[in-house]
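Participant: Below you'll find the structure I mean.
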Amino acid sequence: MRNFVDSIFGPLLEWLNGIAVSLSDLSVPLSRPLNFSKYFGYFSFLGPTWMTFITTCCTLAFIYLIVYIIKTQWGLILHVKDLIKWW
34 MRNFVDSIFG
44 PLLEWLNGIA
54 VSLSDLSVPL
64 SRPLNFSKYF
74 GYFSFLGPTW
84 MTFITTCCTL
94 AFIYLIVYII
104 KTQWGLILHV
114 KDLIKWW
């Protein structure tokens, strides 16, 4: 009887074991930071101090833009929050 049950569930167990082996072999690649010199190469003739200043200004402008969008859409965020609470 055991052989009969093993013959029925054998392919399923092999498939599940194959999935488990594939998942255990997964790996995450190392992160690579953005190289802003590729994008701001036009300003490289100004020197490293100005490159740092320009990069910082662009980063802060991006953060400000995100905060501005969140602030202006705060009513929509509250509406969605209330909708989810009602649900």
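If you're matching positions, the sequence shown starts at 34 in the working numbering and goes up one per residue.
Each residue gets a CB set at the ideal place from its N, CA and C atoms; glycine is no exception.
Computed from a prediction, not measured in an experiment: that's the story for all the values here.
(1) Which residues bound the alpha helix (DSSP H) around G43?
(2) List the whole-angstrom C-beta distance separating I96 from F73, where the pair is believed to meet the contact cut-off of C-beta under 8 Å.
(3) Would you identify the three-state DSSP class for F16, choosing helix, strand or coil?
(4) Please state whether DSSP places L109 in a helix, a strand or coil.
(5) Roughly how many angstroms separate the alpha carbons of S77 and M84, rounded to a whole number?
Facilitator: The relevant details are as follows:
(1) R35 to S57
(2) Actually they do not touch by this definition, with Cβ atoms about 17 Å apart.
(3) The chain is shown from 34 up to 120; residue 16 falls before or after that span and cannot be answered.
(4) When secondary structure is reduced to three states using DSSP, L109 falls in the helix class.
(5) The straight-line gap separating the alpha-carbon atoms of S77 and M84 is approximately 7 Å.
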